[in-house]
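K.L.:
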Amino acid sequence: QVDFLRSLFSRTLGLSPAEKVLDELSIEAVARYMQSGKCKNVVCMVGAGISTSAGIPDFRSPGTGLYSNLQKYNLPYPEAIFQIDYFKKHPEPFFALARELYPGQFKPTVCHYFIRMLKDKGLLRRCYSQNIDTLERVAGLEGEDLIEAHGTFHTSHCVSFLCRKEYSMEWMKDKIFSEDIPKCEACNSLVKPGEFRLYD
């Protein structure tokens, strides 16, 4: 079916046939291709699965996932903890969870370091991450290497659209572990880690 669709699209769009780069569909074939010198741009798309072996829960696993463990916060529904409207009214659950999951309490996994190795070898084009744990950064990705789709703990911002003052990871860490609800020094609005866009 894949070959049929590829052929159909190629004919319909007037594209020349794509060069076959793998001799078979296997992880070994991918490794051979990467070692061949022909592979120049690797794009990684990662999610919770690469961080679960570091001890960070995923969102949806029954019994162990983050959503299963949020009942203690008396949320109207699990996703509320990441929604900006709920956060502005009830920031306490978010910051209690942030204390539990704060970066630095977990170490990058082999997968994180594999992506770093791709960078070091000049093969990594970009890593798109759904994770907020910053383990990709801890492993050595930065700037153009990394797109953090759901935000990050790396920086924090005032939630007021009129202010948007930025705060460092160290500033936020002090607030989170002192159990203070972080407030903007410029306008007294709430300050939230990164650009958390999970359900904004």
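The opening position of the sequence shown corresponds to residue 1 in UniProt numbering, with each subsequent residue numbered one higher. For every residue, glycine included, the Cβ atom is placed at its ideal position computed from N, Cα and C.
Assuming R125 contacts N41 under a Cβ cut-off of 8 Å, what Cβ separation, rounded to an integer in Å, is found between them?
P.N.:
About 4 Å; that satisfies the 8 Å criterion.
K.L.:
Leaving aside the five residues before and after P62 along the sequence, list all residues of the same chain whose C-beta is less than 8 Å from its C-beta, in chain order.
P.N.:
Correct list, in chain order: S68.
K.L.:
From this set, L146, S168, K119 and S160, which residue's C-alpha is nearest F153's C-alpha?
P.N.:
Selected option, being the one with the closest Cα: S168.
K.L.:
In the DSSP assignment, what residue or residues form a beta bridge with P193?
P.N.:
Paired residue(s): S156.
K.L.:
What did DSSP end up calling L198 once you bin it into helix, strand or coil?
P.N.:
At L198 the pLDDT is 43, less than 50, meaning the model places this residue with poor confidence and gives no usable figure here.
K.L.:
DSSP three-state call for V21: helix, strand or coil?
P.N.:
The answer is coil: DSSP assigns V21 none of H, G, I, E or B.
K.L.:
Where does F196 land, buried or exposed, given buried means 16+ other C-beta within 10 angstroms?
P.N.:
Per-residue confidence for F196 stands at a pLDDT of 49, beneath the threshold of 50, marking its modelled position as unreliable; no derived number is given.
K.L.:
Are the CB atoms of S16 and D133 nearer to each other than 8 Å?
P.N.:
Taking 8 Å as the Cβ cut-off, S16 and D133 do not qualify as a contacting pair.
K.L.:
Among residues of its own chain, excluding the 5 on either side of A80, which ones have a beta-carbon nearer than 7 Å to its beta-carbon?
P.N.:
Answer for A80: Y86, listed in chain order.
K.L.:
Does DSSP put K72 in a helix, a strand or coil?
P.N.:
Correct three-state label for K72: helix.
K.L.:
Start and end of the beta strand (DSSP E) containing S168?
P.N.:
Per DSSP, S168 belongs to the beta strand (DSSP E) from E166 to S168.
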